[in-house]
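Here is the structure we will look at, set down as structure tokens.
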Amino acid sequence: MSLSLENLPLRPELRGRSAYGAPQLKVANQLNTNENPYPPSAELVEELVSEVRRIAPQLNRYPDRDAVELRGALADYVTERTGVEVTAAQVWAANGSNEVLQQLLQAFAGPGRSALGFTPSYSMHPVLSAGTQTEFLECPRGVDFRIDMAAARHAIAEHQPDVVFVTTPNNPTGDVTELGDIEELVKAAPGIVIVDEAYAEFSDGPSAVRLLAGYPDKLIVSRTMSKAFDFAGGRLGYFVADPAFVEAVMLVRLPYHLSALSQAAALVALRHRAATLETVAKLAAERDRVVAGLRELGYRVVDSQSNFIFFGEFSDQAAAWQAFLDREVLIRDVGQAGFLRATVGLPGENDAFLAAAAQLTDYQTDAEKGRA
Ligand code: PMP
């Protein structure tokens, strides 16, 4: 007989919590984890295979501990993308932006310190906070799930959080927080502000990287290759900030955290970025088509500048989620009453999603039904 968690001497703050749990199910239409649905190009795959062949004979040695070449390539990409000159010394890379965020909390939060988030937002921010014994504070979003700036100012003044998270475009709602508002939050915050730009490439808006020069001791911009970059399986996230923040995370990172294979694969993916990022425009066009389709069916859809859509309102979103799954469409119930989140997929997957949505209008609240 195996033990249950309650039988283990688990840390008290972890008791009763559940693990990050986007279901990984074998379903025809997987629209639940915000990946880019287009597979890497044949050219990219070829080059990756030959790179692996080249480095395989050296796998007896540890990799470059500080991933200098990769950080240089990421800096070039961010410079090209944002128009802001960024150097390798300002970039830090790890296994997905989740690890980047964890390292930042290890260095700047922890016991006796707090982090503030504008909820609903990325579900791992509170999980990573719990794992680092950081108190996580919530400031609820306002109209249309946008950050309520008055409430935000008030929450920062009242709680004096050591860390403020701003996710833009926000997951799960898809909306963007303007740079002016981010700057206001940075000015108000007594500690550091982490702008989580995991979905930056899907938005037309400017990156918070533009604000770094003005607030070098407070601002960090976290990004990832998991979404637009088509590289979720490669696990590569990074942040851009003053080089002092890179020195800080070096105090907590595990030695050789980023494998030689990860570094080499990410370099190949970066070299092929032009072709990969062409898919972003296709996904944005599909997103607009799906949003229009859902609105025609009477659903309420939050304006999205990302590769996912937050929609409702359902009288019971958990039942609606199951009904989508019964139609071979796996989407996401993030626990927000009345709403579900769907990732934009390939055109055929989006058709399957819209066809299911058309059959499920009975799950809408009565007010919603009246709109169709
Ligand atoms: N931030 C946000 C807002 C996300 O949605 C995600 C992925 N779901 C991440 C960070 C982490 O992604 P990864 O670790 O794959 O970089």
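Every number in our numbering is 86 more than the matching position in the sequence shown, counting from 1.
Glycine is no exception: its CB is placed at the ideal position from the N, C-alpha and C atoms.
Because the structure is a prediction, the values reported are computed rather than measured.
Proximal residues to SER200 (C-beta, below 7 Å), its chain only, five neighbours per side dropped: THR220, GLU221, LEU223, HIS245, PRO247, ASP248
Quick check: GLU287 and ARG167, are their CB atoms within less than 9 Å of each other? yes
At a cut-off of 8 Å, is ARG239 close to the ligand PMP when judged by its beta-carbon and the heavy atoms of the ligand? no
In chain order, what are the residues with a CB under 6 Å from some non-hydrogen atom of the ligand PMP? ASN120, GLY182, SER183, ASN184, TYR208, THR253, ASN257, ASP282, ALA284, THR310, SER312, ALA318, GLY323
Contact defined as beta carbons within less than 8 Å: I believe ASN118 pairs with ILE395. What is the distance between those atoms, to the nearest angstrom? Rounded, the Cβ-Cβ distance is 12 Å, inconsistent with contact.
Go ahead and label HIS211 buried or exposed: buried means 16 or more other beta carbons lie within 10 angstroms of its beta carbon, across all protein chains shown. buried
Short Cβ contact (9 Å threshold) for TYR324 with VAL170: no
Roughly how many whole angstroms lie between the Cα atoms of GLU372 and GLN144? 43 Å
At which residues does the beta strand (DSSP E) containing GLY169 begin and terminate? First-last for GLY169: undefined, no H or E at that position.
Nearest to GLY320 (by Cα), restricted to the options PRO302, THR218, GLN349: GLN349
Straight-line Cα distance separating ALA355 from LEU134: 8 Å
Select from GLN188, ALA241, ASP437 the residue whose C-alpha is nearest the C-alpha of THR218. GLN188
Per-residue DSSP class, three states only, for ILE306: strand
So GLU414 packs on ALA108, CB below 8 Å; how close in whole Å? With 8 Å as the limit, GLU414 and ALA108 do not qualify as a contact, their Cβ atoms being about 17 Å apart.
How big is the Cα-Cα spacing for LEU432 and ASN393? 11 Å
Mapping DSSP to helix, strand and coil, what is LEU134? helix
Distance CB(ALA275)-CB(THR253) smaller than 9 Å: no
Note down, in chain order, each residue of its chain lying with its Cβ closer than 6 Å to the Cβ of ILE141, except the 5 sequence neighbours on either side. ALA346, ALA350
Inspect the beta-carbon positions of TYR342 and PRO149 and report whether they are closer than 9 Å. yes
Closest to PHE194 by CA distance: which of GLY277, ARG103, PRO98 is it? GLY277
Between the CA atoms of LYS112 and TYR301 - distance to the nearest angstrom: 45 Å
Can we count ARG427 as close to the ligand SAM, meaning its CB is less than 8 Å from some heavy atom? Within the structure as shown, the ligand SAM is missing, the only ligands being the ligand PMP.
Check whether the Cβ atoms of ASN256 and PHE204 sit closer than 9 Å, and answer yes or no. yes
Per DSSP, what are the beta-bridge partners of PHE394 in this structure? THR429
Backbone CA spacing between ASN436 and THR429 [nearest angstrom]: 9 Å
Measure the CB-CB distance between LEU473 and MET311 and report whether it falls below 9 Å. Nothing can be reported for residue 473, as the shown portion of the chain is limited to 87 through 458.
Could you tell me which of GLN391, LEU94, ALA438, GLY102 sits nearest to PRO258, measuring between CA atoms? GLN391
May I have the straight-line CA-CA distance separating TYR449 from LEU426, to the nearest angstrom? 12 Å
Would ASN93 be called buried (16 or more neighbouring beta carbons within 10 Å of its own) or exposed? exposed
With 16 other CB atoms within 10 Å as the buried threshold, where does LEU340 fall? exposed
With a threshold of 16 other CB atoms inside 10 Å of the CB of ASP282, please say whether the residue is buried or exposed. buried
Collapsed DSSP secondary structure at VAL420 in the structure displayed: coil
Backbone secondary structure at PRO226 - three-state DSSP: strand
Is the distance from the Cβ of GLN403 to the Cβ of ASP389 below 9 Å? no
Counting only C-beta atoms, is GLY102 closer than 9 Å to chain B at any point? Any reference to chain B falls outside this structure, which holds one protein chain only.
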